[in-house]
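So the structure is just underneath, and the comments pick up after that.
Residue numbers (the numbering used here): 1 to 403.
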């Protein structure tokens, strides 16, 4: 009888522990989702503002002589705007809406491509060591986003080391992950069992306690006196966007290990070198430019006119449809913003295709390419360009759309 009572109490305690753990997971998931929506919205709106800053600076640099004293000032504006755009990309990455250009990549090659940058970021705080396992399968990923993961993890590791006597080890490898292993990771969105290639960054720093580990991926969370920014929270968003996960091991006084895991690409598909094409191009014909932001329209129209295009400007989808009905034969391409009042880009795109099924439309947005292209897959979209963009990027995209 007493044994039964004891067993019943044990079962109740276990059930209560599981319930509390599940509630904590749900609360954490809801918090991360809310923060992601907020970060994504801010990044989108700020990208529109940056379009005016970067675009006008880019246009000014085309007109300022190389020996002009003003050129250095404008270049400084461009550099600062580029840094702000990078922050927006990190915010979109945190929200899970980062721009991914997916290709098959070798993890060791990606690490080697930024080895010099890693040495500079670590400085004299620690020694860097590289340990690459043989026969690690490649992964499908965005190279620039992978580099951001590595740089942020190494920077975080270096900040945990004091006295300049630490060691940071960067490893690659492959392992089979079962459900129990994946369930214990920071991201467990029912990821499939199987082989995962990984990048591991280990440091001999101060380590982290349980409270720090629980908050390590919160935006702007820091154990220091100054803000750490979106570094690790962006890492989490990028890994989530790549259908991967991350494991952390840490012990106070001993150091920490961050292991970022990505689904391995099976045999038959190997990394291939990237081919770059020149983007110099002089256009002819008319571009229908549709955006509700006057500043964005002004900058984009100037870029297009400088490269030989005529431009029709419209502030929303309703105006665009009216202009297209009247002048569709002379319009070579439509540059269409996604988010607008009265009639948004998606509805306008649908109507443009109804009027002229072979119309070439390039969608623009402060949001990311992956999300937009998934929404328009199989619907005849000619291309996508993310704000803010430079003139060279815009012209290359139009050249591609026009064939």
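We put the beta carbon where it would ideally sit given N, CA and C, even for glycine.
| Item | Value |
| --- | --- |
| With DSSP as the reference, please indicate the residues paired to residue 363 in a beta bridge. | 336, 384 |
| Apart from the five residues on each side of it in sequence, which residues of its chain come closer than 6 Å, Cβ to Cβ, to residue 321? | 351 |
| Is the Cβ-Cβ distance between residue 125 and residue 169 less than 8 Å? | no |
| By alpha-carbon positions, which one of 377, 152, 398 ends up nearest to residue 236? | 152 |
| Nearest to residue 191 by alpha carbon, out of 200, 180, 199? | 180 |
| Identify whether residue 126 lies in helix, strand or coil by the three-state DSSP scheme. | strand |
| Taking residue 422 as the reference, give the member of 238, 394, 241, 260 with the closest Cα. | Residue 422 is absent from the model: the chain starts at 1 and stops at 403. |
| What does the alpha-carbon distance come out to for the pair residue 19 and residue 9? | 15 Å |
| In whole angstroms, give me the CA-to-CA distance for residue 280 and residue 154. | Residue placement at residue 280 cannot be trusted, given a pLDDT of 49 that sits under 50; the coordinates are not used to answer. |
| Rounded C-beta distance between residue 137 and residue 264? I'm assuming under 8 Å. | 4 Å |
| Which first and last residues belong to the beta strand (DSSP E) in which residue 135 is found? | Where residue 135 is concerned, there is no enclosing beta strand (DSSP E), given that its DSSP letter is neither H nor E. |
| In this structure, does DSSP put residue 254 in helix, strand or coil? | coil |
| Taking 7 Å as the limit between beta carbons, can you name the residues of its chain near residue 105, skipping five residues before and five after? | 138, 139, 141, 143, 146, 271 |
| Is residue 253 closer than 8 Å to residue 177 when the C-beta atoms are compared? | no |
| Is it buried or exposed, residue 284, if we count other Cβ atoms within 10 angstroms and call 16 or more buried? | exposed |
| Which same chain residues end up closer than 6 Å to residue 11 when comparing Cβ atoms and leaving out the 5 residues on each side of it in sequence? | none |
| Buried or exposed for residue 397, please, with buried defined as at least 16 other CB atoms from any protein chain shown within 10 angstroms of its CB. | buried |
| Flag this pair as yes or no: are the beta carbons of residue 287 and residue 234 separated by less than 8 Å? | no |
| Can you tell which of 375, 122, 319, 390 has the C-alpha that lies nearest to the C-alpha of residue 54? | 390 |
| With DSSP collapsed to three states, give me the class of residue 48. | helix |
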